[in-house]
Every structure is written in structure tokens, then in C-alpha cells.
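What follows is a single structure, written as C-alpha cells, with notes after it.
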Amino acid sequence: MLLVTAVDGPATADTGSVARYEATAFNQPNPTPADLAKINWEVRVDGVRVMRAIEKGPLLEVPVKAEYAGRDLLVMPFANSPTERVSKTTRVAGEQQRIDAPAEVALRIDGQRHYARLNDGAEFYVGSDVSYGQRRGLMNTTPGTDLYAPENYHEQFGFWADVITPTAMCESKGSFHCLNTYDRAAFTFGFYQEAAHVAGENFILQLRRFLLLPEARFYFPDLTLSGGHVAQKTADGITILEDSNSSQGLMDYLNPDPDAVGEQEAKVAAKFVHWAENSEDNRANQVAFAVEQQRQKFFSYAGEYDLDGAEDSVCIVIADIRHQGRAKNTVIQPAVRADDPLNALLEIGADKYPERIKTLRSEIERMTEEGILGHHSYSLVNRDFVLD
Numbered sequence: 001m002l003l004v005t006a007v008d009g010p011a012t013a014d015t016g017s018v019a020r021y022e023a024t025a026f027n028q029p030n031p032t033p034a035d036l037a038k039i040n041w042e043v044r045v046d047g048v049r050v051m052r053a054i055e056k057g058p059l060l061e062v063p064v065k066a067e068y069a070g071r072d073l074l075v076m077p078f079a080n081s082p083t084e085r086v087s088k089t090t091r092v093a094g095e096q097q098r099i100d101a102p103a104e105v106a107l108r109i110d111g112q113r114h115y116a117r118l119n120d121g122a123e124f125y126v127g128s129d130v131s132y133g134q135r136r137g138l139m140n141t142t143p144g145t146d147l148y149a150p151e152n153y154h155e156q157f158g159f160w161a162d163v164i165t166p167t168a169m170c171e172s173k174g175s176f177h178c179l180n181t182y183d184r185a186a187f188t189f190g191f192y193q194e195a196a197h198v199a200g201e202n203f204i205l206q207l208r209r210f211l212l213l214p215e216a217r218f219y220f221p222d223l224t225l226s227g228g229h230v231a232q233k234t235a236d237g238i239t240i241l242e243d244s245n246s247s248q249g250l251m252d253y254l255n256p257d258p259d260a261v262g263e264q265e266a267k268v269a270a271k272f273v274h275w276a277e278n279s280e281d282n283r284a285n286q287v288a289f290a291v292e293q294q295r296q297k298f299f300s301y302a303g304e305y306d307l308d309g310a311e312d313s314v315c316i317v318i319a320d321i322r323h324q325g326r327a328k329n330t331v332i333q334p335a336v337r338a339d340d341p342l343n344a345l346l347e348i349g350a351d352k353y354p355e356r357i358k359t360l361r362s363e364i365e366r367m368t369e370e371g372i373l374g375h376h377s378y379s380l381v382n383r384d385f386v387l388d
């Protein structure tokens with residue numbers, strides 16, 4: 001196996017520029033082009049992964065975003081897993097944006113509906129108080145002012161902007177501020193509905209990236225990143241809220257009381273709803289994270305369910321089942337092997353989740369009729385969809 005032993009790149013970079021990196025030394029002499037093409041890359045900013053490029057080859061270009069100002073880029077080429085032993089650190093010039101007046105939230109409750117106002121801004125709807133078993137929480141499924149539309153992201157993500165569309169429509173109808181705080185996840189947010197209850201996954205990873213955005217200091221001045229993890233600034237110092245073993249501390253911060261909608265829960269929800277509605281960077285961050293997350297998961301599913309060469313719609317339904325968690329492998333595997341795997345997979349959960357399955361089926365049929373789906377299959381070698 002070819003391993004990278006040295007990497008070259010700039011010591012400093014300016015925001016708005018493109019930083020270029022090259023793997024320059026290896027554990028084998030004269031590596032073949034095929035071996036070089038298998039080099040992967042990971043980029044972290046202050047310990048938070050912001051980019052992962054699989055089988056990118058020996059060269060990598062990293063757009064230096066405005067939110068990286070005053071921070072360190074850690075760029076690592078790798079075969080199996082990235083390591084700082086083989087990396088390049090680039091200091092991004094400039095200072096981190098400072099916010100003089102952080103968000104102050106004023107709440108108003110009208111029956112079950114919660115409204116908020118940030119500082120002197122206009123009042124907006126946060127969510128409705130709903131029950132779910134023994135729990136209570138907020139739910140906001142109203143459409144936002146800027147819904148997810150794949151054509152807005154084709155230039156950056158290509159076909160993957162379409163791949164994530166059916167699940168996005170099932171989860172949120174494309175609303176970037178979609179919210180629920182009523183189930184065991186404590187806090188689920190965004191157009192792809194990332195949940196906070198799994199350590200080191202989903203909303204945890206999304207929030208780490210949110211906290212790199214300049215607006216984070218306006219919305220959550222008490223939150224920071226420490227060692228790549230979400231932490232809270234307190235009078236006694238820094239308190240780590242999540243790590244590789246647990247996200248319970250963060251769940252308690254986001255939603256302290258699962259039995260009632262409290263002030264902290266409502267204010268946190270209000271900030272996230274307002275942020276998604278008013279920040280293009282927030283929305284772009286959500287989409288970039290969803291695409292990266294799903295690309296990694298599709299590769300895993302391809303090995304797990306033998307999807308090499310499988311049609312795009314079949315892969316999309318499997319990913320939707322896994323994203324919602326509505327079936328185990330003992331149910332999924334027989335459906336994949338059925339004579340008509342697409343319809344067999346679409347039947348999974350139809351009794352318990354009829355509206356979701358209806359939406360999923362409708363989106364796949366629409367996209368197939370429009371010629372968006374039905375022309376790609378998944379390639380395990382390429383870790384990507386390829387044209388048939």
C-alpha cells in the first residue's frame with residue numbers, strides 16, 4: 001500500500017485565495033499513477049474537519065474561506081486514516097470577526113406557538129409545543145424563505161445535489177430551519193434533519209462547522225471549539241460539551257428538560273431558526289455537510305449491501321431507510337436481493353410511515369420522469385455515481 005510520508009504546501013494563506021498542497025514523498029520509490037490516484041485528503045480548521053477528498057490524487061486545492069481568517073488549516077494526505085505526523089499547517093491571515101452585540105432573544109408564547117425577536121429585529125415563528133409520548137418539545141416544519149433546490153448546488157456538487165434531494169424532501173420539504181426538540185435526540189435541525197444524540201456524528205459534526213462561521217459569535221457567544229469539540233465558556237472556564245463517547249452535555253445545553261419546553265430550549269431553537277433564515281453561509285454549510293456525509297455513507301452502504309453497479313434510485317432509498325432508521329439489515333438485505341429491489345425497498349416502513357414513503361416514492365418518480373434519475377449507477381471503485 002502506498003503511504004505518503006511528506007506533504008508540501010504554503011505556510012500562510014489569505015482569505016479568498018486557493019491554497020495548493022502536494023504529496024511529495026512516499027514509502028515506495030516511483031509510485032504508479034494508479035497508486036497516486038488513490039491518495040485521500042482531509043482538511044481541518046481548528047480541529048474541525050471541513051473537507052475530505054477521497055481518491056483525489058497527489059494534488060489538492062483548498063479554497064480559503066473568509067471564516068478561516070485567524071485560524072490554522074491542517075491538511076493531511078492519507079491512505080487509511082489521516083494523521084498529523086504527515087501534514088501541513090497553514091496559517092490564514094487576518095483576524096477572526098468580532099461581534100460587539102451578541103443576540104438577545106425575547107420570547108412570546110401564543111397558545112402552543114412560540115415566537116421570538118432577536119435584538120431589535122422583526123418577530124418570527126420558532127415552533128409549536130407538541131407532545132411525543134412522554135416528551136414535549138418544539139416542532140417547526142414551516143417552509144423557509146429559501147428552500148433547498150438542487151439546481152442551486154449543481155455547480156459545486158454535481159449529481160450529488162440531486163442524490164440528497166428525496167431524503168431532504170422527506171425530512172423537511174427543503175426547509176433549512178426545520179426543527180424538532182421533542183424526541184430522544186433532544187435537538188434535530190436543518191434541511192437534512194441532523195440529530196444531536198449520537199456522539200461524534202450528525203448534528204455534532206454540523207455544529208462544529210457552524211461554530212467556525214463568523215456569525216457564530218453573534219448567535220452563540222458562549223460556545224466555542226476546544227480541541228475540535230464543542231465547548232461552553234463559563235465563569236469557571238471551558239466546559240467540553242461533547243466528545244467521542246457522549247453528546248449528553250450538548251444535548252442538555254440545547255434542551256435541558258425533555259418533559260417541557262423551557263426558556264433555554266426555546267431561545268436556542270430561536271437562534272438556530274433565525275441563523276438559517278438569515279445566513280447564506282449557514283445554508284451552504286448545511287448542504288456541504290449533507291453531501292459530504294452522504295458520500296461517505298453511500299460508500300459504506302455499497303460494501304454492506306453489494307451495491308456496486310446498483311441503480312441510483314435503489315441506492316437513494318437504502319440511504320433514506322438508514323437515515324431515518326426505519327429498518328434493520330435483516331429487513332433491508334432481502335429487499336435488495338428481490339427481483340424488483342426498488343419497489344421492495346419502498347415498501348419498507350410503508351405501514352408505519354405512509355406519508356414519508358409517499359413523498360419518497362413521489363420524488364423518485366418525478367426525478368426519473370424528468371431524466372434526473374435512471375442514468376447513473378454506483379461505482380465502488382470510483383466511490384461515486386457514474387453515467388451508465
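If you count by the UniProt record's numbering, then the sequence shown holds residues 1 to 388, one letter each, in order. Cβ coordinates follow ideal geometry from the N, Cα and C atoms, glycine included. Computed from a predicted structure; not experimentally measured.
For this session: Could you tell me which residues DSSP pairs with G127 in its beta bridges?
Result: Taking the sequence shown and counting its residues from 1, the one referred to as residue 127 is at position 127. According to DSSP, which records beta bridges pairwise, G127 is partnered with H114.
For this session: Report the option in K173, Y68 and H274 whose CA atom is closest to the CA atom of M51.
Result: Residue numbering aside, residue 51 sits at position 51 when the sequence shown is read from its first letter. Of K173, Y68 and H274, the residue nearest in Cα terms is Y68.
For this session: Helix, strand or coil for P150, going by three-state DSSP, please let me know.
Result: Against the sequence shown, residue 150 aligns to sequence position 150. Residue state, collapsed to three classes: helix.
Exercise. Applying the criterion that 16 or more other CB atoms from any shown protein chain within 10 Å of the CB defines a buried residue, is N255 buried or exposed?
Worked result: Working through the sequence shown from its first residue, we reach residue 255 at position 255. N255 should be labelled buried.
Exercise. If you follow the alpha helix (DSSP H) that G303 is part of, which residue opens it and which one closes it?
Worked result: Translated into the one-based positions of the sequence shown, residue 303 becomes position 303. Run containing G303: E280 to E304, per the alpha helix (DSSP H) assignment.
Exercise. For K271, does the three-state DSSP call read helix, strand or coil?
Worked result: Within the sequence shown, residue 271 is the residue found at index 271, counting from 1. DSSP places K271 in helix when its eight states are reduced to three.
Exercise. What residue from E42, R85 and Y132 has the CA that sits closest to V261's CA?
Worked result: Numbered from 1 along the sequence shown, position 261 holds the residue referred to as residue 261. With distances taken between Cα atoms, V261 lies closest to Y132.
Exercise. Between which two residues does the alpha helix (DSSP H) containing Y219 stretch?
Worked result: For this step, residue 219 is matched to residue 219 along the sequence shown. Looking at the DSSP string, the run of the alpha helix (DSSP H) that includes Y219 is A216 to Y219.
For this session: Would you tell me roughly how many angstroms separate the C-alpha atoms of E61 and K352, rounded to the nearest one?
Result: Counting from one through the sequence shown, the residue named residue 61 turns up at place 61. Counting from one through the sequence shown, the residue named residue 352 turns up at place 352. Their backbone Cα atoms lie some 46 Å apart in a straight line.
Exercise. Using DSSP with H/G/I as helix, E/B as strand and the rest coil, what is P258?
Worked result: For the purposes of this step, residue 258 is taken as the residue at position 258 of the sequence shown. P258: coil per DSSP, three-state reduction.
Exercise. How big is the Cα-Cα spacing for L380 and A186?
Worked result: The count along the sequence shown starts at 1 and reaches residue 380 at position 380. The count along the sequence shown starts at 1 and reaches residue 186 at position 186. If you take the alpha carbons of L380 and A186, they lie about 35 Å apart.
For this session: Determine the DSSP secondary structure at Y68, reduced to helix, strand or coil.
Result: Locating residue 68 in the sequence shown gives position 68, counting from the first residue. Y68 falls in the helix class under three-state DSSP.
Exercise. Under 9 Å between the Cβ atoms of V86 and A6?
Worked result: Locating residue 86 in the sequence shown gives position 86, counting from the first residue. Locating residue 6 in the sequence shown gives position 6, counting from the first residue. Yes; because the gap between Cβ atoms is below 9 Å, this pair is in contact.
Problem set entry | N- and C-terminal bounds of the beta strand (DSSP E) containing N40 | As a position in the sequence shown, residue 40 is number 40, starting the count at 1. Where N40 is concerned, the enclosing beta strand (DSSP E) stretches over N40 to V45.
Exercise. Which runs of the alpha helix (DSSP H), 4 residues or longer, sit entirely within the stretch 303 to 346?
Worked result: 312 to 324 and 329 to 336
Exercise. Are the beta-carbon atoms of E277 and H197 separated by less than 9 Å?
Worked result: For the purposes of this step, residue 277 is identified with residue 277 of the sequence shown, where counting begins at 1. For the purposes of this step, residue 197 is identified with residue 197 of the sequence shown, where counting begins at 1. Against a cut-off of 9 Å, the Cβ pair of H197 and E277 comes out as no contact.
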